[in-house]
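Chains as they are written, first to last, in this note's numbering: chain A, 423 to 702; chain B, 10 to 800. Glycine is no exception: its CB is placed at the ideal position from the N, C-alpha and C atoms. In this text, all values refer to a predicted model and were calculated from it rather than measured experimentally.
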């Protein structure tokens with residue numbers, strides 16, 4: 423899509439013109455599942471993302487960190503076009519999921535979302551049974567075969583490390599679970615459609631430390647099987663679970679590289695300040 | 010401040026509680042069988058009845074000082090409203106009696122009875138005598154002889170002179186013979202009756218003149234009775250006999266009522282239907298056959314009458330066995346019969362000729378009309394046969410139900426006879442045990458809830474009104490809930506927030522504040538007089554000129570093209586990507602709005618000026634079928650009235666669905682409709698149910714608009730019954746709210762109706778509460794599903 427059709431309003435010109443993201447070389451050797459290409463986003467007249475250019479490696483866990491309001495959630499929600507629901511949003515640039523454009527006019531957004539899974543900040547199980555929660559993506563595709571549904575349900579719940587806890591009460595309401603279990607249920611729902619990319623939007627921010635630990639273990643286990651992009655405020659979490667970390671600041675991608683490098687020996691001063699806790 | 014607020018709440022609660030308490034107390038005590046009190050008045054009159062109201066009133070100086078049972082310490086004597094009943098004797102149901110009028114303290118006569126009747130309201134009196142009329146048995150010979158005498162008194166003039174004198178000579182002999190026969194028969198039957206008397210019973214002979222004589226008296230041996238009467242005299246004996254016979258007689262009377270109302274009604278309905286079929290075929294073929302049909306009907310009836318009178322004459326002229334010995338009678342009879350037969354044959358010939366002419370004319374009609382006319386004529390013949398059969402049964406039942414009577418002595422000494430078949434319920438008010446009172450009380454409630462009204466609605470039951478109210482409320486719900494929910498879904502889920510949505514929301518809220526009578530006027534003008542009249546008789550019936558056929562087809566094809574273009578535009582707009590709108594967007598929107606406006610206009614023209622639509626009920630015109638008030642229009646009017654309630658409640662429920670659920674669903678790849686259907690609607694269901702409950706409560710209690718669009722004082726048929734098509738949307742109906750208004754304020758006898766008003770109010774409140782409770786239970790069950798736990 424041609425960016426010139428959506429000119430950025432002049433009042434929000436980038437503060438410093440001499441800026442470019444630092445993307446470490448290790449990423450060049452990775453197989454890429456999603457590539458963000460010069461992506462800009464405006465809420466009404468206010469620009470929130472500036473020319474983000476970022477490859478997401480396949481089969482790895484990539485963490486997005488940065489202070490509040492830096493645009494990491496916005497970027498994440500752009501990937502499965504959840505921002506469509508907000509009227510005032512305009513964009514330029516594009517993203518490619520395994521080579522298929524996400525923002526091209528001919529894309530069917532429903533089909534696009536079926537290729538990804540998403541988990542939100544607060545656990546949002548539907549008011550149905552645990553079983554129905556997990557197989558919801560199949561249900562809306564019209565799948566009726568009980569055997570298929572049961573098989574997918576078990577596989578997803580095992581994948582989300584929840585099977586042993588709920589296998590005897592699949593017909594109970596999803597709302598009867600504890601917070602951490604609910605979040606794992608949401609992860610099970612997100613992976614039941616075999617997504618090409620799993621988007622986690624601060625999945626632990628509403629959970630207690632114990633539940634957080636379990637989710638982190640789960641994310642660690644899912645590595646390799648799924649490509650995961652996780653937004654987090656918690657830098658320890660990012661360093662624990664992720665292979666790569668991207669630091670964003672004021673709508674820009676500042677530095678992006680292997681987590682070990684970002685947290686121990688970052689290239690940029692701002693990254694270093696942030697991961698050392700000097701601001702943010 | 011807390012005291013002010015709390016006080017205001019307490020005041021409101023106290024007012025509501027006292028209103029409910031008043032209705033409860035008044036409504037519940039109405040049916041309790043009260044004791045009967047007898048007042049002896051100073052002016053010599055005596056009054057008996059139930060005390061309805063007791064109140065004090067200020068003494069005035071010029072009041073006559075009478076015997077005051079209250080003593081002198083109170084300066085305020087009391088007066089009582091006494092329900093005296095006996096309307097046919099006194100022309101009033103109630104009477105005020107002041108303490109000063111009374112000669113002595115009121116008494117409670119042991120044998121005073123309360124009698125509830127089908128007509129004339131209640132009767133208060135003491136049972137005095139039970140009378141059962143027994144017709145005199147007629148022997149075959151006697152009947153034949155009587156007929157023969159009648160025959161000759163009518164047709165003697167037809168004989169030649171010499172034979173006339175012969176007849177005149179012999180007639181007195183026959184009459185003498187008849188009289189002897191009758192005396193013997195009377196005596197025999199009297200003996201038989203006397204042999205089977207029960208204790209307290211006496212037999213009376215009623216003469217043709219109406220005079221009655223005790224069967225025991227000496228001159229009763231030579232009398233000819235018209236009928237007999239079995240009488241049980243004395244309070245106790247009469248009452249006992251009444252108790253043993255009442256149920257059977259009442260059952261006969263009710264069977265009679267059923268026959269007259271339902272069976273005869275059904276036959277009339279069939280006849281009306283075949284007449285309408287003729288009318289419909291007439292309209293289709295553009296000819297008029299009503300004159301022909303009427304003539305044919307007259308001829309057929311004439312022929313049937315001829316047959317009947319010929320049979321009757323033959324029967325009359327048959328010589329009775331007792332006279333067979335005398336050959337003269339045979340000759341006389343056959344001579345006169347031959348005369349009569351030739352006369353009848355001439356008439357028959359004439360009628361048959363007419364019939365032939367009539368048939369010829371009918372044969373010339375178009376086939377469809379001819380078939381309908383033939384069908385109608387068959388139907389009529391069949392119906393008159395059925396009616397004859399029914400008439401036999403009806404006559405028998407009527408004779409049974411009027412044969413037994415109870416003589417009641419009133420307080421002022423009159424002694425009218427009351428037909429037992431017309432007594433709904435009777436009891437000795439001052440001899441009842443508490444259990445019996447309770448039985449009567451519950452029986453009255455059962456009649457009230459399950460029975461039909463009588464006595465200008467002031468007595469009997471309100472079942473049709475309950476049925477009408479519930480049916481109307483349910484139909485209203487079925488209409489208003491889907492519409493309201495869809496409208497709210499659009500406003501909350503699909504429409505983009507902006508000026509238009511706010512304007513629509515404000516308009517809806519204002520709609521809730523429009524006085525309900527305005528909705529009634531709208532319903533009458535739009536639904537009854539426009540939509541209803543259009544359904545009845547097509548465009549001409551509502552004053553719209555139909556297009557000619559070719560123009561209409563042109564309009565239709567233009568409409569199809571325009572709506573096709575509109576749909577195309579719509580689909581194009583919907584499928585365009587959200588991020589790639591071009592500058593054409595606004596123009597496209599304007600264009601599609603214009604095109605849709607045009608399409609709506611064309612659709613209106615095509616529907617309203619359709620030359621092919623002549624109305625569904627054109628045959629009944631000028632009598633309207635749907636073009637008047639009916640339960641369908643009433644339900645639609647109330648749906649409009651309650652629409653804002655449903656929309657507002659549903660919108661609130663939709664707004665309360667957490668956005669995170671919607672996002673979760675979208676992220677799982679669900680479309681907007683799938684999200685709404687699987688996530689949003691189930692979650693909002695309890696709130697939607699709340700809206701439905703509020704709408705039902707509002708709709709069931711509404712009266713003003715119903716008066717205009719279909720509620721009536723007395724509806725002969727239920728709007729929802731077991732006859733196809735079960736729901737009769739065109740029928741007017743009874744409604745409890747309207748019933749209350751009618752009883753309390755439109756009744757000629759509102760004093761008598763007042764207790765029933767309270768009871769009806771209680772019932773209406775009860776129905777509204779139980780409909781609400783039902784919906785609340787449903788809602789609670791739904792809500793449980795969304796708060797964890799088992800499914």
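From the beta-carbon of residue 669 of chain A, no residue of chain B is found nearer than 9 Å; the closest lies around 25 Å away.
Shown here for residue 504 of chain B: same chain residues with a beta carbon closer than 6 Å to its own, the five before and five after excluded, namely 510 in chain order. When DSSP reads this structure, residue 462 of chain A sits in a beta bridge with A/514. Contact check for residue 124 of chain B and residue 435 of chain B: beta-carbon distance about 4 Å, within the 8 Å limit, so the pair qualifies. In this structure, residue 251 of chain B and residue 212 of chain B do not form a Cβ contact; the two beta carbons are roughly 18 Å apart against a cut-off of 8 Å. Only 546, 548, 549, 551, 558 and 559 from the segment 546-560 of chain A bring a Cβ to less than 7 Å from some Cβ of chain B. In the three-state scheme derived from DSSP, where H, G and I count as helix and E and B as strand, residue 57 of chain B is classed as strand. Annotated three-state conformation of residue 624 of chain A is coil, per DSSP.
From the beta-carbon of residue 602 of chain A, no residue of chain B is found nearer than 9 Å; the closest lies around 16 Å away. Apart from sequence neighbours up to five positions away, the residues of its chain that approach residue 674 of chain B with a beta-carbon distance below 8 Å are 683, 684, 687 and 688, ordered along the chain. Residue burial is scored here from C-beta neighbours: residue 97 of chain B has fewer than 16 other C-beta atoms within 10 angstroms and is therefore classed as exposed. If you look at residue 473 of chain A, you'll find it in the beta strand (DSSP E) that goes 468-479. Unbroken alpha helix (DSSP H) runs of no fewer than 4 residues, entirely contained in the segment 142-166 of chain B, are found at 149-164, following chain order. Residue 461 of chain A and residue 513 of chain A do touch by the CB rule: their CB atoms are close to 7 Å apart, below 8 Å. Sequence-distant partners of residue 102 of chain B (beyond 5 residues in either direction) whose C-beta falls short of 8 Å from its own C-beta, in its chain, are 92, 93, 94, 96, 130, 131, 758, 760 and 761. Counting only residues of its own chain and dropping the five nearest sequence neighbours on each side, residue 775 of chain B has no CB closer than 8 Å to any other CB. Of all residues in the segment 515-534 of chain A, only 525, 526, 527, 528, 529, 531, 532, 533 and 534 place a beta-carbon less than 9 Å from a beta-carbon of chain B. Below 8 Å, too few C-beta pairs join the segment 568-583 of chain B and the segment 660-668 of chain B to call them touching: fewer than three. A Cβ-Cβ distance of about 12 Å is found for the pair residue 552 of chain B and residue 636 of chain B, leaving them out of contact under the 8 Å criterion.
If you draw a straight line from the Cα of residue 554 of chain A to the Cα of residue 576 of chain A, it comes to about 12 Å. Pairwise C-beta distances place the segment 504-513 of chain A out of contact with the segment 474-487 of chain A, as fewer than three of them are shorter than 8 Å. When Cβ pairs closer than 8 Å are counted between the two stretches, the segment 529-541 of chain A is seen to touch the segment 617-631 of chain A, the count reaching three or more. Scanning its chain for C-beta atoms nearer than 6 Å, with the 5 sequence neighbours on each side dropped, one finds around residue 623 of chain B the residues 547, in chain order. Proximity to residue 728 of chain B across B/715, B/722, B/743 and B/717 peaks at B/743, based on C-alpha coordinates. Considering only beta carbons, no part of the segment 520-531 of chain B lies closer than 7 Å to chain A. Taking a 10 Å sphere around the C-beta of residue 338 of chain B, we find 16 or more other C-beta atoms and assign the residue as buried.
Taking the beta carbon of residue 679 of chain B as reference, the chain A residues within 7 Å of it are 562, listed in sequence order. According to DSSP, residue 213 of chain B shares a beta bridge with B/223 and B/238.
Neighbours of residue 611 of chain A across chain B, judged by C-beta separation under 7 Å: 677.
Rounded to the nearest whole angstrom, the C-alpha separation of residue 291 of chain B and residue 392 of chain B is 22 Å. The beta strand (DSSP E) runs lying completely inside the segment 571-635 of chain A and spanning 3 residues or more are 619-623, given in chain order. Taking 7 Å as the threshold, the shortest C-beta distance from residue 669 of chain B to chain A falls below it. For residue 594 of chain B, not one C-beta of chain A is nearer than 7 Å to its own C-beta. The DSSP-derived three-state label of residue 103 of chain B is strand. The C-beta separation of residue 552 of chain A from residue 657 of chain A comes to about 33 Å, leaving the pair out of contact by the 8 Å criterion.
The C-beta of residue 637 of chain A comes no closer than 7 Å to any C-beta of chain B.
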